[in-house]
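Let me begin by presenting the structure, written as structure tokens, before commenting on it.
Residue numbers (UniProt numbering): 1 to 720.
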């Protein structure tokens with residue numbers, strides 16, 4: 001069944017026309033309004049990018065229009081295969097087989113519909129998961145932009161990348177930290193292709209040796225073997241005595257502090273107290289202080305030089321902090337050493353540099369690791385970047401673990417349902433195929449082109465078409481020929497009425513038969529475009545009756561899924577749409593439409609109710625419609641006058657014409673002069689060409705004619 005039709009850019013469809021089709025579609029339109037364009041599109045005879053329509057795969061579209069007639073009646077007429085009357089039991093069996101096939105096809109359609117809904121459900125689930133996962137791109141995308149090229153501008157692509165990474169690890173793999181990832185990213189995705197030297201670490205053995213030197217824990221004092229030594233040790237003021245010793249004047253024998261005379265041998269005893277051992281210890285202390293000072297200063301300078309290196313991917317903040325810590329400890333320790341130097345007898349303990357230096361070595365190790373990785377990345381850039389991308393996707397997939405697990409669980413469950421239904425469809429389709437094969441085998445034994453010949457010839461004879469008939473082609477038994485009574489070819493000598501009648505009968509029986517010995521078992525969409533032209537009332541009645549049977553079979557779902565009736569004939573339109581005096585079509589099964597062409601442009605007007613109640617009322621509707629073309633409106637006014645005043649009878653038309661003067665008199669004469677000529681001259685194809693701008697003058701004269709003949713009330717009633 002066709003749901004929607006869009007037509008644009010062909011013939012007079014200069015603006016897009018949209019048709020929301022229903023089961024039954026009745027469309028009225030005058031000649032040239034665009035009906036045949038519509039039927040040619042549905043029949044596949046007119047293709048354009050601006051013309052599309054939806055259709056169900058299992059439906060066959062049959063279109064009756066000029067193209068159909070040209071195709072089937074240009075040479076030998078393809079025969080229509082229908083069932084004969086020979087075997088009642090076989091026909092019953094065939095009917096049962098077709099019923100089973102239809103049931104199975106319906107079952108497959110339902111299952112396919114279920115699959116479509118499941119796929120729609122999967123699509124919704126994926127959209128929801130994509131939206132959640134997209135937040136990861138928004139969070140980390142800028143940080144790792146060069147590693148995510150091609151994934152940041154499309155939710156679908158990014159989600160598929162996440163899903164692929166998650167399926168490889170199931171979200172359970174341990175990932176690198178964000179800081180580590182960013183360090184690697186900074187190394188691998190910079191434009192810098194330089195190779196850098198690593199940094200040398202601090203020799204901790206030297207630091208330890210300075211920290212544990214015994215000289216700092218030694219009381220450096222003189223010999224205690226002399227009396228003065230015993231006394232100095234007792235007072236524990238050797239540092240004071242040593243400092244004062246330097247102030248003793250060599251020529252004077254006075255104490256530098258109290259100026260009393262020094263005891264005999266005092267100077268000698270002092271020299272013996274501050275003996276060679278004392279002097280060696282002091283020298284060792286001074287040497288240590290000098291070495292310590294030099295070592296630490298050199299260490300600070302070396303570390304500071306590291307921080308001055310221009311290495312873009314390294315951050316020296318931590319190292320600078322530790323350099324500051326070393327400087328602080330160094331200053332404090334030098335103060336202690338200075339004190340020890342002045343007071344060698346005192347014990348001092350230096351603040352240890354070992355923890356700080358150990359931490360510095362850790363920092364240097366980390367920086368060297370980055371340098372080595374950077375150098376390796378330069379040498380193996382492609383491989384290193386690919387490995388990093390895997391690590392990054394794993395990192396992101398772990399963060400999306402809950403969303404991805406839920407999505408996969410739901411989708412896998414839905415997919416299992418789809419697979420199960422698909423397997424069931426395959427089984428049903430296999431059974432259906434076998435039923436179709438059995439049906440075709442039976443049909444080949446029963447079908448024949450002869451029954452259709454007999455039925456069509458009988459109808460032709462009953463309606464007075466006795467000068468020609470259908471017969472089986474002697475050279476091709478599965479085709480027809482149109483012949484005269486003497487057997488001569490009659491096709492080229494048929495009148496328009498004869499030709500239209502036989503071609504429509506052929507189309508009608510084709511709907512219920514097939515042009516091959518085996519039916520296609522498809523439901524049919526029937527499109528009937530103007531089957532009525534110059535037919536007499538009897539033929540018009542039988543064609544209308546056949547169309548109504550097609551419509552009823554469609555309503556009762558008898559192998560016809562949809563019907564389109566396109567016509568310009570008011571009587572046929574009324575007959576085709578008439579359901580019964582009290583019966584009414586359901587709102588959701590019928591479309592009433594009217595194609596109009598104004599300024600060479602087709603438009604479609606749709607109605608909730610049947611807009612045509614009689615041909616006479618439709619003529620008035622056309623006159624009232626501002627969208628009607630000038631020529632159509634003029635013709636409608638002439639036909640109203642013809643119809644109404646012939647019903648009245650006894651009208652003096654010449655007197656009526658004489659009531660007008662000048663241009664209006666000419667207009668009046670052109671409107672009513674046709675009446676006495678006989679209605680058979682006013683066909684539906686009758687059009688007078690005139691200046692379209694003067695249509696309002698004709699409408700004015702049209703109204704005055706009713707006033708002149710005392711029929712103004714009727715005019716006003718019809719123009720409401």
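By construction, the Cβ of each residue, glycine as well, lies at the ideal position given by its N, Cα and C atoms.
CB contact flag (residue 35, residue 530, <8 Å) = On the chain shown, residue 35 is found 35 positions in, with the first residue counted as 1. On the chain shown, residue 530 is found 530 positions in, with the first residue counted as 1. Their beta carbons are under 8 Å apart, which means residue 35 touches residue 530 by this criterion.
message = Please classify residue 399 as buried or exposed, where buried requires at least 16 other C-beta atoms within 10 Å of its C-beta.
response = As a working note, residue 399 is residue 399 in the chain shown. By the neighbour-count definition (other C-beta atoms within 10 Å, threshold 16), residue 399 is a buried residue.
query = So residue 628 is in the beta strand (DSSP E); what residue range does that whole segment cover?
reply = For the purposes of this step, residue 628 is identified with residue 628 of the chain shown, where counting begins at 1. Note, residue 628: premise wrong, no beta strand (DSSP E); not H, not E.
inquiry  = Under DSSP, the beta strand (DSSP E) around residue 481 begins and ends at which residues?
reply    = Residue 481 sits at position 481 when you count from the first residue of the chain shown. Taken as a continuous stretch (DSSP letters only), the beta strand (DSSP E) holding residue 481 covers 479-484.
task = Answer yes or no: do residue 337 and residue 300 have a C-beta to C-beta separation smaller than 8 Å?
result = Numbered from 1 along the chain shown, position 337 holds the residue referred to as residue 337. Numbered from 1 along the chain shown, position 300 holds the residue referred to as residue 300. A distance of 8 Å or more separates the beta carbons of residue 337 and residue 300.
task = Keeping to the same chain, check which residues put their C-beta closer than 8 Å to that of residue 281; ignore five residues upstream and five downstream.
result = By 1-based counting over the chain shown, the position of residue 281 is 281. So the qualifying residues of the chain are 215, 218, 220, 344.
request  = Provide the residue span of the beta strand (DSSP E) that contains residue 209, from first to last.
outcome  = Counting from one through the chain shown, the residue named residue 209 turns up at place 209. That residue, residue 209, is in no beta strand (DSSP E); its alpha helix (DSSP H) goes 204-211.
request  = Report the partner residues of residue 805 according to the DSSP bridge assignment.
outcome  = No answer is possible for residue 805: the residues shown for the chain start at 1 and end at 720.
inquiry  = I need the straight-line Cα distance from residue 506 to residue 23, nearest angstrom please.
reply    = Locating residue 506 in the chain shown gives position 506, where the first residue counts as 1. Locating residue 23 in the chain shown gives position 23, where the first residue counts as 1. Roughly 24 Å between the two C-alpha positions.
message = Restricting to Cα atoms, I'd like to know which of 456, 412, 388 is closest to residue 176.
response = To locate residue 176, count along the chain shown from 1; it is residue 176. Per the Cα distances, 388.
query = What are the start and end residues of the beta strand (DSSP E) that includes residue 16?
reply = Counted from its first residue, the chain shown places residue 16 at position 16. Segment: none, residue 16 is in no beta strand (DSSP E) and carries neither H nor E.
query = In three-state terms, what does DSSP make of residue 526?
reply = Translated into positions along the chain shown, residue 526 becomes position 526. Of the three classes helix, strand and coil, the one that applies to residue 526 here is strand, per DSSP.
inquiry  = Please report the distance separating the alpha-carbon of residue 390 from that of residue 424.
reply    = Locating residue 390 in the chain shown gives position 390, where the first residue counts as 1. Locating residue 424 in the chain shown gives position 424, where the first residue counts as 1. In a straight line, the C-alpha of residue 390 is about 41 Å away from that of residue 424.
message = Quick check: what's the CA-CA separation for residue 553 versus residue 492?
response = Counted from its first residue, the chain shown places residue 553 at position 553. Counted from its first residue, the chain shown places residue 492 at position 492. Straight-line Cα distance between these residues: approximately 34 Å.
ask   = Should residue 638 be labelled buried (16 or more other beta-carbon atoms within 10 Å of its own) or exposed?
value = Counting from one through the chain shown, the residue named residue 638 turns up at place 638. So residue 638 ends up on the buried side.
message = For a test of the three-state rule: what should DSSP assign to residue 489, helix, strand or coil?
response = On the chain shown, position 489 is the one that residue 489 refers to. Of the three classes helix, strand and coil, the one that applies to residue 489 here is strand, per DSSP.
message = DSSP has residue 502 in a bridge; who is on the other side?
response = Stepping through the chain shown from its first residue, residue 502 is reached at position 502. Answer is none; residue 502 lacks a bridge partner.
ask   = If you draw a straight line from the C-alpha of residue 367 to the C-alpha of residue 298, how long is it?
value = On the chain shown, residue 367 is found 367 positions in, with the first residue counted as 1. On the chain shown, residue 298 is found 298 positions in, with the first residue counted as 1. Residue 367 and residue 298: Cα-Cα distance of roughly 21 Å.
query = In whole angstroms, what is the alpha-carbon distance linking residue 182 and residue 376?
reply = Counting from 1 along the chain shown, the entry for residue 182 is found at position 182. Counting from 1 along the chain shown, the entry for residue 376 is found at position 376. C-alpha separation (whole angstroms): 17 Å.
inquiry  = Measuring alpha carbon to alpha carbon, tell me which residue in 593, 600, 346, 503 is nearest residue 607.
reply    = As a position in the chain shown, residue 607 is number 607, starting the count at 1. 593 is the residue among 593, 600, 346, 503 whose C-alpha sits nearest the C-alpha of residue 607.
ask   = Could you check where the alpha helix (DSSP H) with residue 565 kicks off and where it finishes?
value = Along the chain shown, read from residue 1 onward, the residue named residue 565 stands at position 565. Here residue 565 belongs to no alpha helix (DSSP H); instead the beta strand (DSSP E) covers 560-567.
inquiry  = Distance check for residue 346 and residue 340, CA to CA, integer angstroms please.
reply    = Translated into the one-based positions of the chain shown, residue 340 becomes position 340. Translated into the one-based positions of the chain shown, residue 346 becomes position 346. Roughly 6 Å separates the two Cα atoms.
message = With H, G and I counted as helix, E and B as strand and the rest as coil, what does DSSP make of residue 579?
response = The residue labelled residue 579 in the question sits at position 579 within the chain shown. Three-state result, residue 579: coil.
ask   = On the premise that residue 672 lies in contact with residue 641, defined as a C-beta separation below 8 Å, what is that separation, rounded to the nearest angstrom?
value = Mapped onto the chain shown, residue 641 falls at position 641. Mapped onto the chain shown, residue 672 falls at position 672. With a Cβ gap of about 5 Å, residue 641 and residue 672 count as contacting.
inquiry  = Less than 8 Å between the beta carbons of residue 403 and residue 147, yes or no?
reply    = In the chain shown, counting from the first residue as 1, residue 403 sits at position 403. In the chain shown, counting from the first residue as 1, residue 147 sits at position 147. No, the pair does not count as a contact, with Cβ atoms beyond the cut-off.
ask   = For residue 190, which beta-bridge partners are listed by DSSP?
value = Position 190 of the chain shown holds residue 190. According to DSSP, residue 190 bridges with nothing at all.
query = In terms of alpha-carbon separation, which member of 135, 174, 643, 572 lies closest to residue 547?
reply = The residue given as residue 547 occupies position 547 in the chain shown. Of 135, 174, 643, 572, the residue nearest in Cα terms is 572.
ask   = By the 10 Å Cβ neighbour count, where 16 or more other Cβ atoms means buried, how is residue 588 classified, buried or exposed?
value = Taking the chain shown and counting its residues from 1, one reaches residue 588 at position 588. Label assigned to residue 588: exposed.
ask   = Among residues of its own chain, excluding the 5 on either side of residue 708, which ones have a beta-carbon nearer than 7 Å to its beta-carbon?
value = Indexing the chain shown from 1 puts residue 708 at position 708. Counting only Cβ-Cβ distances below 7 Å, and skipping sequence neighbours, we find 656, 659.
query = Just curious, the beta strand (DSSP E) that residue 5 is in, first and last residue?
reply = By 1-based counting over the chain shown, the position of residue 5 is 5. For residue 5, the uninterrupted beta strand (DSSP E) run begins and ends at 4-7, by DSSP.
query = DSSP puts residue 62 in a beta bridge; with which residues?
reply = Taking the chain shown and counting its residues from 1, one reaches residue 62 at position 62. Residue 62 pairs with 526.
query = In terms of residue numbering, what span does the alpha helix (DSSP H) encompassing residue 392 cover?
reply = For the purposes of this step, residue 392 is identified with residue 392 of the chain shown, where counting begins at 1. Where residue 392 is concerned, the enclosing alpha helix (DSSP H) stretches over 381-399.
ask   = DSSP state of residue 157, grouped into three classes?
value = Reading the chain shown from its first residue, position 157 is the one you call residue 157. Note: residue 157 maps to helix in three-state DSSP.
ask   = Given 8 Å as the limit, is there contact between the stretch 309-326 and the stretch 350-368, that is, 3 or more CB pairs closer than that?
value = yes
Cutoff 7 Å; reference residue 327; Cβ partners in own chain excluding five residues on either side = For the purposes of this step, residue 327 is taken as residue 327 along the chain shown, with counting starting at 1. Leaving aside the five residues that flank residue 327 on each side, the residues in its chain whose CB is nearer than 7 Å to its CB run, in chain order, 300.
ask   = Under the three-state reduction of DSSP, which class applies to residue 468: helix, strand or coil?
value = Your numbering for residue 468 matches position 468 in the chain shown. Reduced to three states, the DSSP call for residue 468 is strand.
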